[in-house]
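K.L.:
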Amino acid sequence: MTPVVEKLSSILLKLLPREYFLKVRAAYFRLKKRASPLLRLVHGTFTTDELIAEIDRHLDDDWQILMVHSSVNNLQPMYSGSAMELLKALIDYCGPDRTLVMPAFNFGENGEGTRQTLKKNPRFDLRRTPSQMGLLTELFRRSRGVVQSRHPAYRVAALGPLAAQLAAGHENAPSGMGPGTPFDFMAQHKAQIIGIGKTFQVMTQVHHVESLVENWPAPQTIMPTLPVTIVEKQVEIPMELGGVQQQWTFNIWKLREIMPPEKLVEWRFHNCPMFMARADEVTDTLVAAAARGFTLYDS
Numbered sequence: 037m038t039p040v041v042e043k044l045s046s047i048l049l050k051l052l053p054r055e056y057f058l059k060v061r062a063a064y065f066r067l068k069k070r071a072s073p074l075l076r077l078v079h080g081t082f083t084t085d086e087l088i089a090e091i092d093r094h095l096d097d098d099w100q101i102l103m104v105h106s107s108v109n110n111l112q113p114m115y116s117g118s119a120m121e122l123l124k125a126l127i128d129y130c131g132p133d134r135t136l137v138m139p140a141f142n143f144g145e146n147g148e149g150t151r152q153t154l155k156k157n158p159r160f161d162l163r164r165t166p167s168q169m170g171l172l173t174e175l176f177r178r179s180r181g182v183v184q185s186r187h188p189a190y191r192v193a194a195l196g197p198l199a200a201q202l203a204a205g206h207e208n209a210p211s212g213m214g215p216g217t218p219f220d221f222m223a224q225h226k227a228q229i230i231g232i233g234k235t236f237q238v239m240t241q242v243h244h245v246e247s248l249v250e251n252w253p254a255p256q257t258i259m260p261t262l263p264v265t266i267v268e269k270q271v272e273i274p275m276e277l278g279g280v281q282q283q284w285t286f287n288i289w290k291l292r293e294i295m296p297p298e299k300l301v302e303w304r305f306h307n308c309p310m311f312m313a314r315a316d317e318v319t320d321t322l323v324a325a326a327a328r329g330f331t332l333y334d335s
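In case it helps, my numbering puts the sequence shown at residues 37 to 335.
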């Protein structure tokens with residue numbers, strides 16, 4: 037999707053009932069498929085090797101963790117590879133000495149939200165509950181050796197030497213993205229965040245700050261805790277799902293006002309949206325901004 041379409045999609049998701057939104061989304065992809073020959077002619081095509089080389093050109097040399105947000109749909113029709121091919125290439129690219137991470141979030145059934153779903157059934161099966169963050173993330177989540185953090189909404193999947201440390205204790209954190217979470221771990225290590233076929237609109241790291249700053253300069257409500265049982269194979273882990281709810285409207289595009297383009301890197305590859313940022317720089321920038329009264333929320 038183009039940035040305009042991404043923005044329109046997020047607006048429609050808020051305004052339309054889920055079933056109508058899905059119909060509009062399906063119609064968009066049907067139209068895009070019909071226009072495939074023209075789009076390939078205008079923007080050209082690329083292979084998996086070329087995509088990995090493009091990613092490598094934009095990453096710093098010094099990193100331990102690669103957090104990947106992705107949409108294989110948004111790479112079409114210019115991308116000649118498949119989701120599985122891309123997954124294997126990313127695993128090979130990280131190699132044995134670095135850790136690959138992807139979101140494996142799940143926000144409940146039929147668009148009703150995590151809390152409503154868990155109120156009906158307060159059991160979250162770590163192995164059986166799919167990721168809702170795209171095909172690549174679900175393929176990764178199911179891959180051999182991948183570790184999943186124990187959280188019913190903001191679960192992440194990780195593979196590599198830091199995977200177990202990154203995922204550990206997520207179920208004990210006061211909120212899904214604050215202290216004691218994988219996002220906290222990434223901010224304290226050399227983590228690069230990359231968007232493949234996605235704009236930075238999806239960069240979850242920006243929410244890390246919301247539970248870090250003591251005097252948060254925007255109104256928020258502390259959510260009541262909800263007892264949940266995480267099921268991992270034969271083990272059952274009780275937890276309390278907590279968190280905060282922001283009262284103002286989220287506007288991630290304000291991030292451009294405080295992060296320079298050399299830190300929040302945006303570009304297009306064969307017209308596919310891409311972005312890159314470092315987790316620590318995202319968090320540090322937003323912590324400093326909050327101290328000045330600036331947040332990514334509009335009143």
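Each residue gets a CB set at the ideal place from its N, CA and C atoms; glycine is no exception.
Using DSSP with H/G/I as helix, E/B as strand and the rest coil, what is residue 263?
P.N.:
Three-state result, residue 263: strand.
K.L.:
Could you check how far apart the C-beta atoms of residue 203 and residue 192 are, in whole angstroms? I think they sit under 8 Å.
P.N.:
About 7 Å separates the two Cβ atoms, so the contact holds.
K.L.:
Sorted by chain position, which residues of the same chain lie with C-beta nearer than 6 Å to residue 167's C-beta, five sequence neighbours on each side aside?
P.N.:
Counting only Cβ-Cβ distances below 6 Å, and skipping sequence neighbours, we find 140, 173, 174, 177.
K.L.:
Give every residue of the same chain whose Cβ lies closer than 6 Å to the Cβ of residue 335, excluding the five residues on either side of it in the sequence, and list them in chain order.
P.N.:
284.
K.L.:
Between which two residues does the beta strand (DSSP E) holding residue 257 run?
P.N.:
Element bounds for residue 257: 256-258.
K.L.:
Determine contact between the region 317-330 and the region 229-242, defined as no fewer than three beta-carbon pairs at a distance below 8 Å.
P.N.:
Touching, yes.
K.L.:
List, from N- to C-terminal side, the alpha helix (DSSP H) runs of 4 residues or more that fit wholly inside the region 61-119.
P.N.:
The qualifying runs are 72-79, 84-94.
K.L.:
How many whole angstroms separate the CB atoms of residue 259 and residue 278, which I take to be in contact at a CB cut-off of 8 Å?
P.N.:
Their Cβ separation, rounded to whole angstroms, is 6 Å, which keeps residue 259 and residue 278 in contact under 8 Å.
K.L.:
Ends of the alpha helix (DSSP H) at residue 218?
P.N.:
Where residue 218 is concerned, the enclosing alpha helix (DSSP H) stretches over 218-223.
K.L.:
Is the distance from the Cβ of residue 219 to the Cβ of residue 188 below 8 Å?
P.N.:
No. Outside cutoff.
K.L.:
How big is the Cα-Cα spacing for residue 89 and residue 214?
P.N.:
Rounded to whole angstroms, residue 89 to residue 214 spans 33 Å at the Cα level.
K.L.:
Would you be able to state if there are at least three C-beta pairs under 8 Å between the region 112-126 and the region 147-166?
P.N.:
No, they do not touch.
K.L.:
Would residue 158 pass as a contact of residue 255 if the rule is Cβ separation under 8 Å?
P.N.:
For residue 158 and residue 255, no; Cβs fall outside 8 Å.
K.L.:
Classify residue 190 as helix, strand or coil using the three-state DSSP reduction.
P.N.:
Looking at residue 190 - three-state DSSP - the assignment turns out to be coil, as it is neither helix nor strand.
K.L.:
Verify whether the separation of the beta carbon atoms of residue 121 and residue 84 is less than 8 Å.
P.N.:
It is a contact, given that the beta carbons lie within the stated cut-off.
K.L.:
Cα separation between residue 306 and residue 257?
P.N.:
Approximately 43 Å between the Cα atoms of the pair.
K.L.:
So residue 195 and residue 108 are in contact, right, with Cβ under 8 Å, and what is the actual spacing, rounded?
P.N.:
Their Cβ separation, rounded to whole angstroms, is 18 Å, which puts residue 195 and residue 108 out of contact at 8 Å.
K.L.:
Determine the direct distance from the alpha carbon of residue 101 to that of residue 298, and round the result to whole angstroms.
P.N.:
In a straight line, the C-alpha of residue 298 is about 19 Å away from that of residue 101.
K.L.:
I'd like the list of long-range same chain contacts for residue 333, defined as Cβ closer than 7 Å, with 5 residues on each side in sequence excluded.
P.N.:
So the qualifying residues of the chain are 254, 282, 284, 285, 286, 287.
K.L.:
What do you reckon, are the CB atoms on residue 223 and residue 244 nearer than 8 Å?
P.N.:
For residue 223 and residue 244, yes; Cβs fall inside 8 Å.
K.L.:
Can you look up residue 303 in the DSSP assignment and give me helix, strand or coil?
P.N.:
In this structure, residue 303 counts as strand in the three-state DSSP scheme.
K.L.:
State the beta-bridge partners of residue 309 as determined by DSSP.
P.N.:
BP columns for residue 309 point to 304.
K.L.:
Nearest to residue 179 by alpha carbon, out of 138, 235, 292?
P.N.:
Checked all of 138, 235, 292; the closest Cα to residue 179 is 138.
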